[in-house]
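Participant: If you count by full-length UniProt numbering, then the sequence shown holds residues 1 to 492, one letter each, in order.
Where a beta carbon is used, it is the ideal one built from N, C-alpha and C, also for glycine.
All figures in this text were calculated on a predicted structure; none of them were measured in a lab.
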Amino acid sequence: MIGGLIAAGICALVSFSIDILNGDPVHFAIALGLAVAPVPLLLALVLALDRLEPEPRAQLIFAFAWGAGVAVLFAGLLNTFNLILVTRHIGDAEDARALVATFGAPPVEETLKGLVLLGLLRFRRQELDGPTDGIMYASMVGLGFAMSENVGYYLAQLTHGQPEALAATVAVRGILSPLAHPLFTSLIGMSVAYAALHRGARGYAAIAAGWAGAMVLHGVWNGFASSFGLGGLAIAYVLLMILLVIEIIVIFADRRRMVGLLQYYLPPYERIGVIGQADIAMLSSLQRRRDARAWARLHGGRAAARAMSDFQVAATELGLLHARAARGAIDEASFHAQQRSLIEAMAHARAALPAPGRSGGMWGGSGPAFGVPSGSPPGRPPHPGASGGGFAPPAGGPPGPAPGGPPYPGHAPGAASGWSAGAPPGHGPGQPPNPHRPQPGSPHQPPAQWNPPGPPPGNPPGDPGGWRNPGGSPGVPPQGRYGGPGWTPPGR
1 MIGGLIAAGI CALVSFSIDI LNGDPVHFAI ALGLAVAPVP LLLALVLALD
51 RLEPEPRAQL IFAFAWGAGV AVLFAGLLNT FNLILVTRHI GDAEDARALV
101 ATFGAPPVEE TLKGLVLLGL LRFRRQELDG PTDGIMYASM VGLGFAMSEN
151 VGYYLAQLTH GQPEALAATV AVRGILSPLA HPLFTSLIGM SVAYAALHRG
201 ARGYAAIAAG WAGAMVLHGV WNGFASSFGL GGLAIAYVLL MILLVIEIIV
251 IFADRRRMVG LLQYYLPPYE RIGVIGQADI AMLSSLQRRR DARAWARLHG
301 GRAAARAMSD FQVAATELGL LHARAARGAI DEASFHAQQR SLIEAMAHAR
351 AALPAPGRSG GMWGGSGPAF GVPSGSPPGR PPHPGASGGG FAPPAGGPPG
401 PAPGGPPYPG HAPGAASGWS AGAPPGHGPG QPPNPHRPQP GSPHQPPAQW
451 NPPGPPPGNP PGDPGGWRNP GGSPGVPPQG RYGGPGWTPP GR
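(1) If you draw a straight line from the C-alpha of residue 493 to the C-alpha of residue 72, how long is it?
(2) Any heavy atom of the ligand GTP closer than 6 Å to the beta-carbon of residue 289?
(3) Can you round the beta-carbon distance between residue 240 and residue 180 to whole angstroms, since I take them to be within the 8 Å contact cut?
(4) Given this structure, state the Cα-to-Cα distance separating residue 372 from residue 11, to the nearest angstrom.
(5) In chain order, what residues of the same chain have a beta carbon less than 7 Å from the beta carbon of residue 169, not counting five sequence neighbours either side?
(6) For residue 183, does the count of other Cβ atoms within 10 angstroms reach 16, so buried, or fall short, so exposed?
(7) Kindly provide the ranges of any alpha helix (DSSP H) runs that are 4 or more residues long and lie completely inside the stretch 268-327, ordered along the chain.
(8) Look at the alpha carbon of residue 420 and the alpha carbon of residue 146, and state the distance between them as a whole number of angstroms.
(9) Hey, residue 189 and residue 249: beta-carbon distance below 7 Å or not?
(10) Would you give the residue range spanned by the alpha helix (DSSP H) that residue 75 belongs to?
(11) Smallest Cα separation from residue 107: which of 285, 14, 210 and 263?
(12) Give the range of the alpha helix (DSSP H) segment to which residue 229 is assigned.
(13) Look at the alpha carbon of residue 212 and the alpha carbon of residue 26, and state the distance between them as a whole number of angstroms.
(14) In the stretch 142-220, which residue ranges form an unbroken alpha helix (DSSP H) of at least 4 residues, counting only runs that do not cross its ends?
(15) What is the DSSP secondary structure of residue 495, reduced to helix, strand or coil?
(16) Does the count of Cβ pairs from the stretch 76-91 and the stretch 161-176 closer than 8 Å reach three?
(17) Within a Cβ cutoff of 6 Å, which residues of the same chain sit near residue 223, ignoring the five residues on either side of it in sequence?
(18) Please classify residue 330: does DSSP put it in a helix, a strand, or coil?
(19) Could you tell me whether the stretch 213-221 touches the stretch 194-202, where touching means 3 or more Cβ pairs closer than 8 Å?
(20) Which residue's Cα is closest to the Cα of residue 42: 178, 207 and 221?
(21) List the endpoints of the continuous alpha helix (DSSP H) containing residue 54.
(22) Can you give the beta carbon distance from residue 319 to residue 266, rounded, assuming they're within the 8 Å contact cut?
(23) Pick from 226, 251 and 344: whose alpha carbon is nearest that of residue 99?
(24) Does the pairing of the stretch 117-126 with the stretch 32-39 give three or more beta-carbon distances under 8 Å?
(25) Is residue 149 close to chain D, meaning its C-beta is less than 7 Å from at least one C-beta of that chain?
(26) According to DSSP, is residue 124 part of a helix, a strand, or is it coil?
(27) Comparing alpha-carbon positions, which option in 4, 161 and 139 lies nearest residue 24?
(28) Closest to residue 272 by CA distance: which of 246, 81, 344 and 291 is it?
(29) According to DSSP, is residue 493 part of a helix, a strand, or is it coil?
(30) Quick check on DSSP: helix, strand or coil for residue 19?
(31) For residue 60, which residues from the same chain have a beta carbon less than 6 Å from its beta carbon, with the 5 sequence-adjacent residues on both sides left out?
(32) On the DSSP letters alone, give me the boundaries of the alpha helix (DSSP H) that residue 96 sits inside.
(33) Is residue 308 near residue 296, with beta carbons less than 7 Å apart?
(34) For residue 66 and residue 116, which I take to be in contact (beta-carbon distance under 8 Å), what is that distance rounded to the nearest angstrom?
(35) On a Cα-Cα basis, can you pick out the residue from 5, 129, 7 and 238 that is closest to residue 54?
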């Protein structure tokens with residue numbers, strides 16, 4: 001990764017050096033400032049889409065650097081070469097420029113941007129958990145590419161002394177359509193993410209379709225904008241906004257799918273005391289996640305807020321780890337190693353949170369309380385063995401309040417973490433015990449065949465699986481030797 005960042009940085013320096021040689025250093029500084037100015041806001045907007053399961057920052061930075069360095073440099077060289085060839089062939093420089101912009105530049109640029117996504121598919125397939133991840137990486141490489149490319153466009157207008165043309169170029173490229181390149185390449189990103197979840201011919205076909213779509217849309221944008229004046233630009237802009245709306249819908253649908261995965265795979269971990277039903281409800285909503293971090297900061301300061309964030313990330317990754325195992329994207333040894341690491345991270349994060357019974361606060365303000373079990377003092381593991389290498393489940397069920405300690409907010413004395421006052425869900429008056437939840441006095445292990453109450457939200461009956469479903473029929477756990485809902489949480 002470091003070597004790739006260095007190579008991308010060198011390519012960016014070479015590209016900028018070519019710009020300086022073709023213009024003036026002062027003009028270059030102005031053009032660079034204009035190109036960089038909107039980038040922080042655009043990055044914030046893109047990263048805001050990745051709040052449920054944030055991608056590794058190093059990989060996002062690499063994608064941005066690839067677009068800003070490698071892709072821009074080689075695209076500039078190839079586009080210039082194509083322009084020279086076409087100009088020699090047809091003899092008209094303006095017509096040649098329009099032809100290259102419409103038919104030559106899109107395949108070159110989308111291919112160079114898309115290579116980083118193919119690299120992720122080949123070497124970091126496990127990071128592609130759905131279309132949102134593909135859109136994230138594609139957007140980062142697109143933002144980097146657009147930033148460096150804009151430097152050249154702005155510098156050309158400054159060099160020719162055309163302030164009106166510069167203002168128009170900045171308005172179109174920097175204000176009206178700063179997301180054009182991210183949107184084009186996102187078609188490749190979504191198709192590559194689909195291929196990460198669906199091996200074989202379907203995955204290859206999806207990549208080919210996404211790549212073709214990105215090139216065609218890019219060509220339509222360039223062609224309409226360069227050949228049909230303001231009216232053509234307006235039509236191309238409408239198409240771009242339609243694509244933006246579609247991708248936003250895809251992102252929200254994928255977020256709902258991911259919440260379903262968490263609700264599907266995390267409940268068995270209630271048996272070893274690292275998570276409760278209230279915690280899973282908190283993880284299912286971005287607003288509740290924010291409320292939980294605010295609660296932690298209010299009662300424990302920055303360290304507690306950081307611990308809450310760490311818990312949320314680790315729990316989300318744990319649910320997605322099971323989804324990867326269910327689709328065969330990770331081997332059994334790696335699954336168990338990552339599972340144990342994530343459980344330890346969750347336990348240590350919980351230990352750093354303030355005890356709700358002592359602070360008197362609740363993370364949601366009015367809902368079930370989050371946090372370590374009642375009576376667990378801050379800085380102590382929630383159950384014996386949590387701070388060591390193993391995780392022995394607490395005897396007799398999840399830990400409750402310490403003798404004589406204050407009850408967990410919203411719970412009757414002795415109630416398990418995450419449950420409301422009274423009996424566990426499905427075990428109320430007149431109801432038989434729920435075999436899918438630990439019962440008083442029962443062994444602290446999941447049942448041999450644990451079945452969730454149904455598929456993740458949003459799956460119609462008979463849905464074959466895919467991005468919206470961990471696989472299999474509704475109510476039936478995915479098949480596999482490990483990682484499915486029928487597994488037994490580690491006993492140590």
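Facilitator: So, from the data block:
(1) Past the boundaries of the shown model lies residue 493; the chain is included only from 1 to 492, so the question cannot be answered.
(2) For the structure depicted, the ligand GTP is absent and the ligand set is empty, with no information on it obtainable.
(3) Yes, they are in contact, since the Cβ atoms of residue 240 and residue 180 sit about 6 Å apart, within 8 Å.
(4) Only weak support exists for where residue 372 lies, its pLDDT of 34 falling under 50; the value from the coordinates is given anyway. Residue 372 and residue 11 have their C-alpha atoms some 50 Å from each other.
(5) 153, 154 and 157, listed in sequence order.
(6) It counts as buried.
(7) Within the stretch 268-327, the complete alpha helix (DSSP H) segments of 4 residues or longer fall at 277-283 and 286-326, listed in chain order.
(8) At residue 420 the pLDDT is 31, less than 50, meaning the model places this residue with poor confidence; the figure from the coordinates comes in the next sentence. Distance between the alpha carbons of residue 420 and residue 146: 52 Å.
(9) Going by C-beta atoms, residue 189 is not nearer than 7 Å to residue 249.
(10) Residue 75 -> alpha helix (DSSP H) spans 72-90.
(11) With distances taken between Cα atoms, residue 107 lies closest to 210.
(12) Looking at the DSSP string, the run of the alpha helix (DSSP H) that includes residue 229 is 229-265.
(13) When rounded, the distance between both Cα atoms is 40 Å.
(14) Counting whole runs of 4 or more residues, the stretch 142-220 contains the alpha helix (DSSP H) stretches 163-169 and 180-197.
(15) Given a span of 1 to 492 for the chain in the structure shown, any question on residue 495 remains unanswerable.
(16) No, they do not touch.
(17) The answer, listed in chain order, is 102.
(18) In the three-state reduction of the DSSP assignment, residue 330 falls in the coil class.
(19) The stretch 213-221 is not in contact with the stretch 194-202.
(20) The shortest Cα separation from residue 42 among 178, 207 and 221 belongs to 178.
(21) Annotation for residue 54: no alpha helix (DSSP H) segment contains it, and DSSP assigns it neither H nor E.
(22) The beta carbons of residue 319 and residue 266 sit about 5 Å from each other, so the pair counts as a contact at 8 Å.
(23) The shortest Cα separation from residue 99 among 226, 251 and 344 belongs to 226.
(24) They do not touch, by the three-pair rule.
(25) In the structure shown, chain D does not exist; there is a single protein chain.
(26) Collapsing the DSSP output to three states places residue 124 in coil.
(27) Per the Cα distances, 161.
(28) If we check each option's Cα against that of residue 272, 344 comes out closest.
(29) This structure cannot speak to residue 493, because the chain is shown only from 1 to 492.
(30) Correct three-state label for residue 19: helix.
(31) Cβ neighbours of residue 60 beyond the five flanking positions: 140.
(32) Residue 96 -> alpha helix (DSSP H) spans 93-99.
(33) Contact check for residue 308 against residue 296 passes: the beta carbons are separated by less than 7 Å.
(34) The C-beta separation of residue 66 from residue 116 comes to about 5 Å, placing the pair in contact by the 8 Å criterion.
(35) Taking only the C-alpha atoms, the option nearest residue 54 is 129.
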